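Novice: A single structure is presented below for examination.
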Amino acid sequence: MRIYTCGPVAMYPEVASVRQDVSGYFRTPEYGTLVKHCLKELSAFIGNPVPQSMLYLACSGTGAMEAVVENCATPSDKALVINGGSFGLRFCELLGYHGIPFKSVKLRWNERLCEKHLSTFDNRGFSLLFVNLDETSTGQLYDLDLLSDFCERNGMLLIADVISAFLCDDFSMEKSGIDAAIFSSQKGLCCSPGCSFVSVSSRMKEKILNSKSAPATRYFDFKDYFTNLTRGQTPYTPPVMVMYEVEAMLRRVSLSGGFNAWINRIADKARAFRQSVTEAGYQIPDYPLSNMLTPVCLNGTDACDIARDLKEYGFLVSPCGGDLSKRIFRVCHLGNTSPEDDQMLIDALYDIRQKRIKK
Numbered sequence: 001m002r003i004y005t006c007g008p009v010a011m012y013p014e015v016a017s018v019r020q021d022v023s024g025y026f027r028t029p030e031y032g033t034l035v036k037h038c039l040k041e042l043s044a045f046i047g048n049p050v051p052q053s054m055l056y057l058a059c060s061g062t063g064a065m066e067a068v069v070e071n072c073a074t075p076s077d078k079a080l081v082i083n084g085g086s087f088g089l090r091f092c093e094l095l096g097y098h099g100i101p102f103k104s105v106k107l108r109w110n111e112r113l114c115e116k117h118l119s120t121f122d123n124r125g126f127s128l129l130f131v132n133l134d135e136t137s138t139g140q141l142y143d144l145d146l147l148s149d150f151c152e153r154n155g156m157l158l159i160a161d162v163i164s165a166f167l168c169d170d171f172s173m174e175k176s177g178i179d180a181a182i183f184s185s186q187k188g189l190c191c192s193p194g195c196s197f198v199s200v201s202s203r204m205k206e207k208i209l210n211s212k213s214a215p216a217t218r219y220f221d222f223k224d225y226f227t228n229l230t231r232g233q234t235p236y237t238p239p240v241m242v243m244y245e246v247e248a249m250l251r252r253v254s255l256s257g258g259f260n261a262w263i264n265r266i267a268d269k270a271r272a273f274r275q276s277v278t279e280a281g282y283q284i285p286d287y288p289l290s291n292m293l294t295p296v297c298l299n300g301t302d303a304c305d306i307a308r309d310l311k312e313y314g315f316l317v318s319p320c321g322g323d324l325s326k327r328i329f330r331v332c333h334l335g336n337t338s339p340e341d342d343q344m345l346i347d348a349l350y351d352i353r354q355k356r357i358k359k
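Take a look at the structure:
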């Protein structure tokens, strides 16, 4: 079965085999050294030069989103959320659950974020902006320059879930003024799920360390994580084997030509697929898309039916939930798939379309 789901993605052989060769014990100087090396590399990729500014957590991406809400926002803040899909809605739910005042910029699934959506919130006392840089449920890649300019002119801190953009799309925390960035192991890093990362700017780190209030959960108290980070450890048991996979994946990126070459390779895969899938008679949205995935739009055909048909051809893709379940399915461009695999997927989609037309 060829895997084109939006995470976990198909792992590379040298990454998947790591678990056979290493020990799972972690309270050693050697493991701490490995972790600090990995976090330094990841900080460089995400464009954050602040030393000791990246934490790693034993949780899913949603766990990291909640940990950031707990540590980076307080009831005295006023947050604004870009709510253009399932994961923008998740930020809204987390903020509401933790009693953080917020408003949301609600977008229809196929609506492009633009200046008019933000300008109505100028000078209204907002202190934080939450965004899923790539809204994974729709594939829209939001305009980071637009968001950064809005935050700068309003004196806001910018918090970005980059779970589906990290190691897929070219961006820099420092250049774009991102104050907290969240990503996970199972997407751009092409590793097993279970490890998430939070990278913070110097001003966000200062806010966290100087906060007089404790987060809602003891487990996610970032102050403890910063203390343990000096030796490459966490307060509690970390996702040990995933970190060894991350080390192997970072080595692969380096041997493939480095960060820019890796991003360009994924961009080329996405571009080639989008051209081919439209030539096969399918549609894709006209809003900006992340390199990570392509949402394929359907009219008059249930997207879940197409996903099931593809499974019969040996391909796993990601259907959507909720209102989009019948409208789109998503094809991921990450992981251990080849141009030949991509072409077979296109051939399968063309064949499925032809059979349905004949019906």
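Numbering (the working numbering), first residue to last: 1 to 359. Don't be surprised by glycine CBs; every beta carbon is placed ideally from N, CA and C. From a predicted model like this one, the values you see are computed outputs, not experimental measurements.
(1) Reducing DSSP to helix, strand and coil, say where residue 9 ends up.
(2) Just to check my reading of the structure: residue 113 and residue 82 have Cβ atoms closer than 8 angstroms, yes? What is that Cβ distance to the nearest angstrom?
(3) Between which two residues does the alpha helix (DSSP H) carrying residue 167 extend?
(4) Which ranges would you report for the alpha helix (DSSP H) in the segment 33-95 if only whole runs of at least 4 residues count?
(5) Here's the rule I'm using: 16 or more other beta-carbon atoms within 10 Å means buried, otherwise exposed. How should residue 54 be labelled?
(6) Would you mind sorting residue 292 into buried or exposed? The rule is 16 or more other CB atoms within 10 Å of its CB.
(7) What do you get for residue 209, buried or exposed, if any count of 16 or more other CB atoms within 10 angstroms of its CB means buried?
(8) Label residue 286 either buried or exposed according to how many other C-beta atoms from any shown protein chain fall within 10 Å of its C-beta, with 16 as the threshold for buried.
(9) Is the segment 195-212 touching the segment 325-332 in the sense that three or more CB pairs, one from each, lie closer than 8 angstroms?
(10) Since residue 89 contacts residue 105 with CB under 8 angstroms, what's their CB separation in whole angstroms?
(11) Would you call the segment 216-230 and the segment 258-277 in contact, with 3 or more CB pairs under 8 angstroms?
(12) Residue 94 and residue 111 - do their beta-carbons sit closer together than 8 angstroms?
(13) In whole angstroms, give me the CA-to-CA distance for residue 38 and residue 22.
(14) Could you check whether the segment 308-322 touches the segment 119-133, counting it as contact only if at least three pairs of C-beta atoms, one from each stretch, sit closer than 8 angstroms?
(15) From the DSSP output, which residues share a beta bridge with residue 283?
(16) Taking just the CA atoms, how far does residue 77 sit from residue 116?
(17) Count Cβ pairs between the segment 97-104 and the segment 44-53 that sit closer than 8 angstroms; are there 3 or more?
(18) Mind checking which residues open and close the beta strand (DSSP E) that includes residue 179?
(19) Rounded to whole angstroms, how far is the Cβ of residue 164 from the Cβ of residue 136, which I believe are closer than 8 angstroms?
(20) Residue 131 and residue 147 look like a contact to me (Cβ under 8 angstroms); what is the Cβ gap, rounded to whole Å?
(21) Residues in the same chain with beta-carbon distance under 6 angstroms from residue 322, minus the five sequence neighbours each way, listed in chain order, please.
(22) Leaving out the 5 sequence neighbours to the left and right, which residues in its chain are closer than 6 angstroms to residue 263 when beta-carbon positions are compared?
(23) Can you find the residues in the same chain that come closer than 6 angstroms, C-beta to C-beta, to residue 59, ignoring five residues on each side of it along the sequence?
(24) Using the C-alpha atoms, what's the distance from residue 268 back to residue 299?
(25) Around the C-beta of residue 25, are 16 or more other C-beta atoms found within 10 angstroms, so that it is buried, or is it exposed?
Specialist: The structure says:
(1) coil
(2) 6 angstroms
(3) Residue 167 -> no alpha helix (DSSP H), and no H or E assigned at all.
(4) 61-72
(5) buried
(6) buried
(7) exposed
(8) exposed
(9) no
(10) Not confirmed; about 12 angstroms, so no contact.
(11) no
(12) no
(13) 16 angstroms
(14) no
(15) 297
(16) 23 angstroms
(17) no
(18) 178-184
(19) 4 angstroms
(20) 6 angstroms
(21) none
(22) 170
(23) 196
(24) 27 angstroms
(25) exposed
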